[in-house]
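Just so we're aligned, residue 5 is where the sequence shown starts under the working numbering, counting upward by one.
Glycine included, every Cβ here is placed at the ideal spot set by N, Cα and C.
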Amino acid sequence: MAAKPTLGTVAKTAGVSIPTVSQVLRGTGRISEKTREKVLQAAKDLHYVPDARAAAMRSGENREIGFVINQLSNPFNAEVVSGVVDLLESEGYLVSIVDTRDNADRQGRQLEAFIRHGRGGLLWVPAIETPVETFELLTRQRVPTVTFLRNVRADLDHVGIRNAEATAKATNYLAELGHKHIAYLGGTDMSSVRAERIAGYESAVTAHGLSKTVIWPSEDNKRAGLNALKALREAHPEITAVVCNGDMVALGAVLALQQTGLIPGQDVSIIGFDDIADSEVATPPLTTMSVSPQKLGNRLARVLLDRIQDPDMPVTVSEISAELTVRGTTGAPV
């Protein structure tokens, strides 16, 4: 196996000094165009890649960002990541993504690994039951950090969604269509996000003087949503409308209706949450609370860049309002 190329081997191949190679690759110094082309061609021929860690040690700046998220397999999270990566890569940053699966121990190991490898900043969905020591670690290490979705610390920048407002808006819409029996479907653990969404649903049910609230758990994936909707309908056949914790569980609920001979939007109305790409092209297209995940990822990345550029700026909290996007899975009760 050939030896790993270095500045020295690039310099030897190009017939120049090591400092000249360094200047060409960093775009500094007064180097002739002929010499610059020789160095770049030598680097290309040798497949030389600069050592970013060494460069970070020299400059004090690290261009790698860590993104610690939960359930990367959920299309909402994948679309947020896409928005984050698009913006950060355009600014010259590399993004490393890990999935904690909401496990605080796994999260602790991942964060320590990020710090050991000198990440320049952190985007983070804190796991449920994150210990205080984890927050203290990030504070002591002075890692620029922005929390996402779960706002758990007043001393960290945060980007999230006005969850209670959104589910109240969804429930109000269904009540105004004439639905008297509306359930909330999705989620299992009582994260701050789910708690806020349930609170919005409950407030709207109370405001409209509807029948008792029905909160039915389900993992946030399509298969779980399908099975949960069937079980919900069996236990509460009076339900004519459902507000869902996310689009994936909502899409599963739509499939459950179709499998049992019911028509989504006519026999039972379904509202999702997120507006992932699949929601618009589903059959029928899904009514949902839209937060534009990719744009949300852009905003998350921008807040982190602002923190990196100005470490002493005041802490910011940026929460967006979800917009009701009416499609084919809602309608007046029969």
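Pro268 is bridged by DSSP to Val272.
Per DSSP, Thr329 is one residue of the beta strand (DSSP E) stretching across Glu327 to Thr329. For Val43, the enclosing alpha helix (DSSP H) has its first and last residue at Glu37 to Asp49. Distance from the CA atom of Ala170 to the CA atom of Ile22, rounded to whole angstroms, is 59 Å. In this chain, Leu126 is not harboured by any alpha helix (DSSP H); it is covered by the beta strand (DSSP E) spanning Gly125 to Trp128. In the three-state scheme derived from DSSP, where H, G and I count as helix and E and B as strand, Ile219 is classed as strand. As DSSP reads the structure, Met293 sits in a beta bridge with Phe277 and Leu328.
By a beta-carbon distance limit of 8 Å, His183 contacts Thr244. Their separation comes to about 5 Å. Listed in chain order, the beta strand (DSSP E) elements of length 3 or more contained wholly in the region 143 to 218 are 149 to 152, 161 to 165 and 186 to 189. In this structure Gly124 touches Arg67 by the C-beta definition: roughly 6 Å separates them, less than 8 Å. When the beta-carbon positions are compared, Ile132 and Asp106 come within less than 8 Å of each other. The bridge partners DSSP lists for Asp103 are Ile73. Glu242 carries a coil assignment under DSSP once its states are collapsed to helix, strand and coil.
Nearest neighbour of Pro9 by Cα position, chosen from Ala47, Ala174 and Ser100, turns out to be Ala47. Our two residues, Val156 and Val150, have alpha carbons roughly 11 Å apart in a direct line.
Under DSSP, Ser322 forms a beta bridge with Val163.
At a Cβ-Cβ threshold of 8 Å, Gly269 and Met252 do not count as neighbours. With contacts defined by Cβ atoms closer than 8 Å, Cys248 and Gly276 form a contacting pair.
Here DSSP, grouped into helix, strand and coil, assigns Glu68 to strand.
In the same chain as Val330, and ignoring 5 residues on each side of it, the C-beta atoms closer than 6 Å to its own belong to Thr291, in chain order. Bounds of the alpha helix (DSSP H) holding Ser94 are Pro79 to Ser94.
According to DSSP, residue pairing for Val247 in a beta bridge involves Tyr188 and Ile275.
With a cutoff of 8 Å on beta-carbon distance, Val28 and Val43 are scored as near each other.
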